[in-house]
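These notes concern the structure reproduced below.
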Ligand code: SF4
């Protein structure tokens, strides 16, 4: 088996952004953070064992907001994670570690701890910073916690860190475009402000109205709007032109980078390579017998009750396996990993195609 990528979901945020429909929790404390991280290592260890220790190609810490983890706790976590991945340095280094952060919770100490623990184990460290906009009224409209000052401070912290980082370090920044109140000039300003910091990569995300979000409610009530298709086209064309002029290449749908600075982790998804997802709400795509299957982890409450001492990738006794002709999938409405861990059914086949 080729080394899978590893995605670690850190489902903790300080507040809720109005457009967000990812899985995250805002009610947490240090004990919950530590327990969740500990559990995710148990989960990883079990997957790794069952897959026959294939090595890991890239690691991505996403969320949620990984930068809410206190620096010391994050350092300790990465130290234990890399010891497991590399089996006490007998396995090759990981090609890339990506860490997501939000401006208001990023600190120099956080970056230093990560770098200290990854310098021996990773070829590149990549920080993915959620800038989204520099305009105070757009940040407010998106429900972002960070202020414009927080964003400039975080960018300066990252740039200063880069100049003396103990391993190759790349900075990627996210921008969101398409808020109803955003003009072309606003977006041009956002791009120019960001380009001043010369990040290695820029990800542009179109603001979409997701169900059951505060944004969806505000749009339904007529309190907010989002850009229509012609304006989205204009915003996108502006970005393509501006970033192209500054040497960025649009290497993936929403991602631009300087040559050679592309995210290696993202390629694992686009090339349909296997990946292990650990942590509450994470998703994995892994071989199950001769087929790839998608496995979704439950939320934090259920995740804390899972038993990682049992097989994760093998059916329990009495499981009939997939129906013929079923490519992959999962039972809708069931907490699949729970069922799988209880040893009753892998729970990863669509209800209408499961032979149970
Ligand atoms: S910080 Fe990210 S994950 Fe958390 S609510 Fe905002 S968009 Fe969602």
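In UniProt numbering, the protein residues as written are 1 to 356.
Ideal placement from N, C-alpha and C gives every residue a C-beta, glycine not left out.
Since the structure is predicted, the reported quantities are computational estimates derived from the model, not experimental observations.
query: Within 7 Å, strictly: CB atoms of residue 154 and residue 106; result: yes
query: Segments assigned beta strand (DSSP E), at least 3 residues, entirely inside the region 246 to 274; result: 249 to 252, 255 to 257
query: Proximity of residue 261 and residue 96 at Cβ, strictly below 7 Å; result: no
query: Beta-carbon proximity of residue 84 to residue 46, cut-off 7 Å; result: no
query: As assigned by DSSP and simplified to three states, the class of residue 219; result: helix
query: Residue environment, residue 272, which counts as buried when at least 16 other CB atoms sit within 10 Å; result: exposed
query: Secondary structure, beta strand (DSSP E): runs of 3+ residues fully inside the region 46 to 93; result: 58 to 63
query: Segments assigned beta strand (DSSP E), at least 3 residues, entirely inside the region 148 to 182; result: 169 to 177
query: The region 160 to 177 in contact with the region 200 to 207 per 3-pair CB rule at 8 Å; result: yes
query: Test item: CB-CB of residue 159 and residue 205 under 7 Å; result: no
query: Residue 55 vs residue 11 beta-carbon contact at 7 Å; result: no
query: Integer-rounded CB distance, given that residue 60 should sit under 8 Å from residue 8; result: 7 Å
query: Straight-line Cα distance separating residue 209 from residue 350; result: Any reading at residue 350 needs caution, since the residue's pLDDT is 42, under 50, leaving its predicted position unreliable; the model's value is listed next. Cα-Cα distance, rounded: 28 Å.
query: Near the ligand SF4: residue 244 beta-carbon under 6 Å from a heavy atom; result: no
query: Span of the beta strand (DSSP E), counted from its first residue to its last, around residue 132; result: 122 to 132
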